[in-house]
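S.K.: My questions will all concern the structure given below.
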Amino acid sequence: MKNIMFLVVELFSHTCRNGKAEFIRDLLLVSLLLSVFTMLLIDGCAPPAQPWRVFRLKIETLWDWNALGMVLAYTSLQGALYYLPFGQVAEGKIGHNGKRLQYNMNGLYAFAVTLLLLGGLWYRGVFQGSMVGDRTLQLVCASTVVALLLSSGLHLHSLWLPPGQLVNYGKKSNFLQEFALGRVADPRVGRIDMKQFVMVRIGFMGWAVVDLSFLLTEIEKHGAPSIPLLLVVTFHLLYILELLTDEASVLPTKEYTQDGLGFLMMLGEFMWIPYFSSLPVYYLLKRHPPLSVHWAFSLCVLYGLGFLFYHLSNVQKDGFRKNPEDPAYAHLVTIPTNTGKSLLVSGWFGWIRHPNYLGDIMMTLAWCLPCGFCSLLPYLPVMHCANLLRRRAAEIESECHAKYGPAWEEYCRRVPYRLFPYVY
Ligand code: NDP
Numbered sequence: 013m014k015n016i017m018f019l020v021v022e023l024f025s026h027t028c029r030n031g032k033a034e035f036i037r038d039l040l041l042v043s044l045l046l047s048v049f050t051m052l053l054i055d056g057c058a059p060p061a062q063p064w065r066v067f068r069l070k071i072e073t074l075w076d077w078n079a080l081g082m083v084l085a086y087t088s089l090q091g092a093l094y095y096l097p098f099g100q101v102a103e104g105k106i107g108h109n110g111k112r113l114q115y116n117m118n119g120l121y122a123f124a125v126t127l128l129l130l131g132g133l134w135y136r137g138v139f140q141g142s143m144v145g146d147r148t149l150q151l152v153c154a155s156t157v158v159a160l161l162l163s164s165g166l167h168l169h170s171l172w173l174p175p176g177q178l179v180n181y182g183k184k185s186n187f188l189q190e191f192a193l194g195r196v197a198d199p200r201v202g203r204i205d206m207k208q209f210v211m212v213r214i215g216f217m218g219w220a221v222v223d224l225s226f227l228l229t230e231i232e233k234h235g236a237p238s239i240p241l242l243l244v245v246t247f248h249l250l251y252i253l254e255l256l257t258d259e260a261s262v263l264p265t266k267e268y269t270q271d272g273l274g275f276l277m278m279l280g281e282f283m284w285i286p287y288f289s290s291l292p293v294y295y296l297l298k299r300h301p302p303l304s305v306h307w308a309f310s311l312c313v314l315y316g317l318g319f320l321f322y323h324l325s326n327v328q329k330d331g332f333r334k335n336p337e338d339p340a341y342a343h344l345v346t347i348p349t350n351t352g353k354s355l356l357v358s359g360w361f362g363w364i365r366h367p368n369y370l371g372d373i374m375m376t377l378a379w380c381l382p383c384g385f386c387s388l389l390p391y392l393p394v395m396h397c398a399n400l401l402r403r404r405a406a407e408i409e410s411e412c413h414a415k416y417g418p419a420w421e422e423y424c425r426r427v428p429y430r431l432f433p434y435v436y
């Protein structure tokens, strides 16, 4: 069982990031299996004495129209909040019409309204955390169905679009590849950029809502949240808020600039991010491992350091990429490249080549550790994160090598470690 779980996570993260055509059929199969796998993980969080609900194969344990209604209501709410007249409009990559694409950067406001609404409905008794906490399997199923429907709709819509708006997969492209990885480069519905919508508003904010619903479930059942659960939810919320306060920082990532939006990304954002990332919280809701004050303090230090590495290195890299002439970077040593850009060889990126990824892994480890050591299950998010970022680092480095050639080789010589100083 354990081996199957690792195989699925491994295959998913590999194919997800590499997008190689030969994996596409397996990928689609894995994607659907991924929902079953996620349900098994959720079921596995229950105390060992409890029977596995998934294996009962009863339709009511897997499907519930209310769950579908909740996913649709949340998606529609976020669609409406995308039009909030607050926040800046940021410019991203150049679109098919030669103009820069514009994105509404009002995620923080949308998040605040969502939280107020969630709190208000809970206070008035209209919403209960257990509506999510006791219906998680059905919500995973419903999210999978919505992801499938939305990606099918996008695919059908793309059949009427001119080639200039499509992702070019070369002559060997086929239906499965295009459906899984996405046919349209930058799909929009009205003013809504679908990539930003599913990644930030559905994936990241959905994860926060699922976490908070678990927290409310704990309050409803026990009167107050346990310290470990509160700690992990706080860690998650800080991570999500960090992204929302600088939503534009995601625009240069390869998901925005190179990839299409297909079933894989849709499933990842609707199902995988909210339910897999919140697994440690769900585990803490179902089992109640003890957490000593010293251990809690150590985890805060680990998380705090990870947060600093992640945040400060991203701020330095993003700022330098935007304006290398900024006096704030005048003290940093750089290597000129033949593209006109320079590479940082001191500061955060002079320490290791991916300090932001190291910070990410440390934070993820810090929010898995409160679950104790009775099960490997709540540690899957950190294993997945480390594996994914290790692969992503290799992928980004091969792209940078192709772009910058000898300058990149010189950078790697001067900064020899990729992720862990003196280790890797
Ligand atoms: P990075 O933020 O590391 O950006 C890589 C780019 O930064 C390179 O392509 C290059 O861009 C530039 N760069 C790299 N090294 C240098 C240097 N020494 N000097 C100057 N520029 C440099 O990667 P991502 O876009 O993948 O990640 C963005 C954020 O998202 C990260 O913080 C990451 O942790 C997070 N993330 C988290 C994931 C998770 O599952 N937890 C998954 C994916 C991302 P160019 O040459 O084009 O300017």
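If you want the numbering used here, it's the 1-based position in the sequence shown plus 12. For glycine and all other residues, C-beta sits at the position ideal for the given N, C-alpha and C. Predicted model, so just to flag it, every value in this text is computed and none were measured.
Check whether the region 70-87 touches the region 163-178, taking contact to mean three or more Cβ pairs, one atom from each stretch, closer than 8 Å.
M.R.: Not touching, per the Cβ criterion.
S.K.: Can the beta-carbon of I204 be found closer than 8 Å to that of E281?
M.R.: It is not a contact, given that the beta carbons lie outside the stated cut-off.
S.K.: When DSSP labels each residue in this structure, what does D205 get in the three-state scheme?
M.R.: D205: strand per DSSP, three-state reduction.
S.K.: Near I285, what residues of its chain come up, given a Cβ to Cβ distance below 6 Å and the 5 sequence neighbours on each side ignored?
M.R.: G215 and W219.
S.K.: On the criterion of 16 or more Cβ atoms from any shown chain inside 10 Å, does A85 qualify as buried, or is it exposed?
M.R.: When all chains shown are included, A85 counts as exposed.
S.K.: Would you mind sorting Q114 into buried or exposed? The rule is 16 or more other CB atoms within 10 Å of its CB.
M.R.: Per the 10 Å Cβ criterion, exposed.
S.K.: Span of the beta strand (DSSP E) holding V101?
M.R.: Segment Q100 to I106, the beta strand (DSSP E) holding V101.
S.K.: Output the boundary residues of the alpha helix (DSSP H) element that contains Y251.
M.R.: Start and end: I239 to T257.
S.K.: Could you please give the first and the last residue of the uninterrupted alpha helix (DSSP H) stretch that includes R425?
M.R.: Element bounds for R425: P418 to R426.
S.K.: Can Y423 be considered in contact with ligand 1, in the sense that its beta carbon sits closer than 7 Å to one or more heavy atoms?
M.R.: Yes - ligand 1 has a heavy atom lying nearer than 7 Å to the Cβ of Y423.
S.K.: When you compare each of M395, V394, P393 and R299 to Q62 by their alpha carbons, which one comes out closest?
M.R.: Cα-wise, what sits closest to Q62 is R299.
S.K.: Anyone know if the C-beta pair for C380 and P367 falls short of 8 Å?
M.R.: No, these two residues do not count as a Cβ contact at 8 Å.
S.K.: Give the range of the alpha helix (DSSP H) segment to which N326 is assigned.
M.R.: First-last of the alpha helix (DSSP H) with N326: V305 to K334.
S.K.: Report all residues from its chain with a CB closer than 6 Å to the CB of P433; omit the five preceding and five following residues, and keep chain order.
M.R.: I364.
S.K.: Would you kindly check if the distance between the Cβ of G119 and the Cβ of E267 is under 8 Å?
M.R.: In this structure, G119 does not lie closer than 8 Å to E267 by Cβ.
S.K.: In angstroms, rounded to a whole number, what distance separates the CA positions of M283 and P97?
M.R.: The straight-line gap from Cα to Cα measures roughly 29 Å.
S.K.: Please report the straight-line C-alpha distance between V21 and S290, rounded to a whole angstrom.
M.R.: Low per-residue confidence applies at V21: pLDDT is 47, beneath 50, and the placement is therefore not dependable, though the value from the model is reported in the following sentence. Each residue's alpha carbon lies about 16 Å from the other.
S.K.: Rounded to the nearest angstrom, how far is the Cβ of V245 from that of V313, given a contact under 8 Å?
M.R.: Actually they are not in contact, since the Cβ atoms of V245 and V313 sit about 18 Å apart, beyond 8 Å.
S.K.: Is L168 buried or exposed, if buried means 16 or more other CB atoms sit within 10 Å of its CB?
M.R.: Exposed: under 16 other Cβ atoms inside 10 Å.
S.K.: For G437 and L273, which I take to be in contact (beta-carbon distance under 8 Å), what is that distance rounded to the nearest angstrom?
M.R.: With the chain represented from 13 up to 436, any question about residue 437 goes unanswered, as that position is not in the structure.
S.K.: Does the beta-carbon of D372, which I'm using as the reference point, lie nearer than 7 Å to any heavy atom of ligand 1?
M.R.: D372: yes, Cβ under 7 Å from ligand 1.
S.K.: Please confirm whether any heavy atom of ligand 1 lies closer than 7 Å to the CB of N335.
M.R.: Incorrect: N335 has no Cβ contact closer than 7 Å to ligand 1.
S.K.: Residue range of the alpha helix (DSSP H) that N350 falls in?
M.R.: Neither: N350 is in no alpha helix (DSSP H) and is coded neither H nor E.
S.K.: With 16 other CB atoms within 10 Å as the buried threshold, where does P393 fall?
M.R.: Flag for P393 reads buried.
S.K.: Where A308 and F385 are concerned, what is the direct C-alpha to C-alpha distance, given to the nearest angstrom?
M.R.: Distance between the alpha carbons of A308 and F385 is about 15 Å.
S.K.: Check this for me: beta carbons of C412 and P301, under 8 Å apart or not?
M.R.: No.
S.K.: What is the C-beta distance between V221 and T126, in whole angstroms, given that I count them as a contact (C-beta under 8 Å)?
M.R.: Indeed, because the Cβ distance is near 7 Å, the residues count as touching under 8 Å.
S.K.: On a CA-only basis, which of T349, S310, W360 and L431 is nearest Q328? Give me that one, please.
M.R.: When only C-alpha atoms are compared, the closest one is W360.
S.K.: Within the region 105-154, note down every full beta strand (DSSP E) run reaching 3 residues or more, in order along the chain.
M.R.: Here the runs fully enclosed are 112-117.
S.K.: Quick one: grab the DSSP three-state call for V345.
M.R.: Looking at V345 - three-state DSSP - the assignment turns out to be coil, as it is neither helix nor strand.
S.K.: Please report the straight-line C-alpha distance between L450 and E337, rounded to a whole angstrom.
M.R.: Lying before the first or after the last residue shown, residue 450 is absent from the chain, which here runs from 13 to 436.
S.K.: First and last residue of the alpha helix (DSSP H) that includes L84?
M.R.: First-last of the alpha helix (DSSP H) with L84: W77 to L93.
S.K.: Give the DSSP bridge partners of V48, in chain order.
M.R.: Partner(s): none; V48 has no beta bridge.
S.K.: State the DSSP-derived secondary structure class of R200, mapped to helix, strand or coil.
M.R.: It is a strand residue.
S.K.: Which class does L356 belong to by DSSP, given the choice of helix, strand or coil?
M.R.: Reduced to three states, the DSSP call for L356 is strand.
S.K.: When you compare each of S170, I252 and Y135 to P199 by their alpha carbons, which one comes out closest?
M.R.: Cα-wise, what sits closest to P199 is S170.
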